[in-house]
Amino acid sequence: MSYLETTKNVYRDAALTPDVGLCCTTNPIWELPGLKIPKIMQEMNYGCGSTVNARDLTNNPRILYVGVGGGMELLQFAYFSRQKSGVVGVDVVDEMLEASRKNFMEAEAQNPWFKSAFVDLKKGDALNLPEEDNSIDVAAQNCLFNIFKTEELKKAIEEMYRVLKPHGRLVMSDPTCEQEMNETLRNDERLRALCLSGSLPIKDYVKALTDAGFGTIEIRARKPYRILDPKNYPTDELIYIESIEVAAIKDPMPEDGPCIFTGKTAIYYGSDNHFDDNKGHVLLKNQPLAVCDKTAGALTALGHDAIFISESTFHYDGGGCC
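For the sequence shown, UniProt numbering begins at 1 and goes up steadily by one.
And the structure:
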C-alpha cells in the first residue's frame, strides 16, 4: 500500500469517527461577530494551525481550500466571502466530503447568515486540482502538503500556483522540523499521513515555494507543535516539531531573488530625520520598518553605524519594505 493510500484510509476513518486528538491542534477557535462553529467541526479540526487571515480576504475573494476536514476553515472563509461558490473545498476522500456536507447543515442552523451554497465541495486531488488557471484569489491548505514526498510536494505547490490569479495568495500551515529523522521514521506511512515524518526544515519549505515561482513569502507564525519520543515512535532521540504558518504571494520574482519576510525589523537612530538607501527603502528616525531578509542583509552590508536590524521573530503581519 502506498503512503497516499494510507493517508486516504487515515482520513476516511477520521471522517466516519471524529478523532479529536488526531492533530493535537491547540489553536483557539475564531470568535467573530455572528460566527458560531458547530462542535462537530471543532472535533474534526485536523489542522496544525490556521490559514484564515482577515487581511487576505478583502474584496469578495474566491477561495480554494484543499483537504476539507470537518469544514471548520471553509466556514470561516465563507464568513468573509458570503457568496455562492465563493469557497471551493477539494478533497480526495468521499467520506470527508460527505461529513462536511452534513456539518454545513448544522452550521446553517447555528448561523443565520450562512448558506451551504456558499461552499462548493468537489472531489479532487491536490496533484491535479479541478480549477482553471488564474481563477483563485486565495488558496489554502492546512497540515496536508507535508504528507507528500519530494516530487508530489513540488507538483502540489505548482498546482496551487497555477490556479492562483496574479498577486493571489497561497496560505499554508504545516509542521516543520530542523532535526534529521532516521530512515525508519521517515518511511513510516502512518506518520507521513499525519504530516509528521515528512516535516521539512523551514529553509527547505520556503525554497519549495520560491522554486515554484512565488516572489514574496511571509512567515506569519512559528510555534511548538509536537514531540516524537522514543517511547511512542521509532526514534532514538526526541524530535521537536513546530507548526509554521506561511503566505506565499504570486508576485513576479524580483531579479535579485524572492522577498522572504521572517519578522526582521530595521530601525534608524542617527542624527538625520530619516535614512534613504536610494533603493526604495526609507527609514524614518526611530520608526521600526519591517524588512525582508534580503533587504536586512543589504542594509547590514552598508556598515552604517546608526541602523539596527532585529533578529527574525518568525512572525510577520504585513507592511514594510516591499
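By construction, the Cβ of each residue, glycine as well, lies at the ideal position given by its N, Cα and C atoms.
The structure displayed is predicted, hence computed values, not measured ones.
For residue i and residue j, what's the separation of their Cα atoms in angstroms?
{"i": "Glu98", "j": "Val92", "result": "11 Å"}
{"i": "Leu302", "j": "Thr295", "result": "11 Å"}
{"i": "Asn53", "j": "Leu16", "result": "29 Å"}
{"i": "Ile307", "j": "Gln287", "result": "11 Å"}
{"i": "Ser173", "j": "Glu5", "result": "22 Å"}
{"i": "Lys250", "j": "Ser199", "result": "24 Å"}
{"i": "Val66", "j": "Pro130", "result": "11 Å"}
{"i": "Leu284", "j": "Phe314", "result": "23 Å"}
{"i": "Tyr225", "j": "Pro112", "result": "35 Å"}
{"i": "Ile37", "j": "Gln110", "result": "8 Å"}
{"i": "Asp13", "j": "Phe145", "result": "19 Å"}
{"i": "Cys48", "j": "Ile147", "result": "13 Å"}
{"i": "Glu132", "j": "Ser310", "result": "42 Å"}
{"i": "Phe114", "j": "Gly34", "result": "10 Å"}
{"i": "Tyr46", "j": "Thr265", "result": "34 Å"}
{"i": "Asn182", "j": "Ile63", "result": "38 Å"}
{"i": "Lys279", "j": "Pro18", "result": "54 Å"}
{"i": "His167", "j": "Leu153", "result": "22 Å"}
{"i": "Asp256", "j": "Tyr269", "result": "28 Å"}
{"i": "Asp204", "j": "Glu180", "result": "13 Å"}
{"i": "Val20", "j": "Asp276", "result": "53 Å"}
{"i": "Phe104", "j": "Ser116", "result": "6 Å"}
{"i": "Ser271", "j": "Asn232", "result": "59 Å"}
{"i": "Asn59", "j": "Pro252", "result": "22 Å"}
{"i": "Val163", "j": "Asp188", "result": "32 Å"}
{"i": "Leu22", "j": "Asp305", "result": "51 Å"}
{"i": "Thr216", "j": "Lys223", "result": "21 Å"}
Are the CB atoms of residue i and residue j nearer to each other than 8 Å?
{"i": "Ala126", "j": "Tyr3", "result": "no"}
{"i": "Pro258", "j": "Phe214", "result": "yes"}
{"i": "residue 325", "j": "Ile244", "result": "Residue 325 lies beyond the range of the chain shown here (1 to 322); nothing can be said about it."}
{"i": "Gly71", "j": "Glu43", "result": "no"}
{"i": "Glu178", "j": "Tyr316", "result": "no"}
{"i": "Ile40", "j": "Glu95", "result": "no"}
{"i": "Leu74", "j": "Arg101", "result": "no"}
{"i": "Arg190", "j": "Val68", "result": "no"}
{"i": "Val206", "j": "Ile267", "result": "no"}
{"i": "Ala221", "j": "Ile157", "result": "no"}
{"i": "Thr235", "j": "Leu185", "result": "yes"}
{"i": "His274", "j": "Cys321", "result": "no"}
{"i": "Pro175", "j": "Leu196", "result": "yes"}
{"i": "Ala298", "j": "Gly319", "result": "no"}
Leaving out five residues before and five after residue i in sequence, what residues of the same chain have Cβ atoms less than 7 Å from its Cβ?
{"i": "Leu32", "result": "Tyr79"}
{"i": "Phe118", "result": "Ala78, Ser81, Arg82, Gln83, Lys84, Gly86 and Val87"}
{"i": "Lys155", "result": "Leu127"}
Can you tell me where the beta strand (DSSP E) holding residue i begins and where it ends?
{"i": "Ser173", "result": "Leu164 to Thr176"}
{"i": "Leu228", "result": "Thr216 to Leu228"}
{"i": "Asp120", "result": "Val119 to Lys123"}
{"i": "Phe148", "result": "Here Phe148 belongs to no beta strand (DSSP E), and DSSP marks it neither H nor E."}
{"i": "Asp137", "result": "Ile136 to Asn142"}
{"i": "residue 337", "result": "Any question about residue 337 goes unanswered here, given that the chain covers just 1 to 322."}
Ordered along the chain, which non-local residues of its own chain (more than five positions away) have a Cβ less than 8 Å from that of residue i?
{"i": "residue 331", "result": "The structure shown has nothing for residue 331, since the chain only spans 1 to 322."}
{"i": "Lys165", "result": "Asn134, Ser135, Ile136, Asp137 and Lys250"}
{"i": "Thr51", "result": "Tyr65, Glu73, Ala140, Gln141, Asn142, Val171, Met172, Ser173 and Glu245"}
{"i": "Pro61", "result": "Phe80, Ser81, Gly86, Asp137 and Val138"}
{"i": "Leu238", "result": "Ile227, Leu228, Asp229 and Pro230"}
{"i": "Glu108", "result": "Phe114, Lys115 and Ser116"}
Note the first and the last residue of the continuous alpha helix (DSSP H) segment covering residue i.
{"i": "Met7", "result": "Note on identity: in this sequence residue 7 is Thr, with Met being the wrong assignment. Where Thr7 is concerned, the enclosing alpha helix (DSSP H) stretches over Tyr3 to Leu16."}
{"i": "Ser39", "result": "This sequence places Lys at residue 39; Ser is not what is there. From DSSP, the alpha helix (DSSP H) with Lys39 extends over Lys39 to Glu43."}
{"i": "Leu32", "result": "Here Leu32 belongs to no alpha helix (DSSP H), and DSSP marks it neither H nor E."}
{"i": "Tyr205", "result": "Ile202 to Asp211"}
{"i": "Thr184", "result": "Glu183 to Arg186"}
{"i": "Leu191", "result": "Glu189 to Ala193"}
Between which residues of its own chain and residue i is the CB-CB distance below 6 Å, once the five residues before and five after are set aside?
{"i": "Gly124", "result": "Val90 and Pro130"}
{"i": "Thr262", "result": "Ile219, Asp293, Ser312 and Phe314"}
{"i": "Ala212", "result": "Ile157, Glu158 and Tyr161"}
{"i": "Pro201", "result": "Glu178"}
{"i": "Thr210", "result": "Pro258"}
{"i": "Thr300", "result": "Ile309"}
{"i": "Lys8", "result": "Val93"}
#### Entry: Length-filtered (3 minimum) beta strand (DSSP E) runs lying within the stretch 237-295
If only uninterrupted beta strand (DSSP E) runs of at least 3 residues are considered, those enclosed by the stretch 237-295 are 239-249, 259-261, 264-268, 274-276, 282-284 and 289-291.
Sequence ranges, beta strand (DSSP E) only - wholly within the stretch 64-111, length at least 3 = Qualifying beta strand (DSSP E) stretches, in chain order: 87-91.
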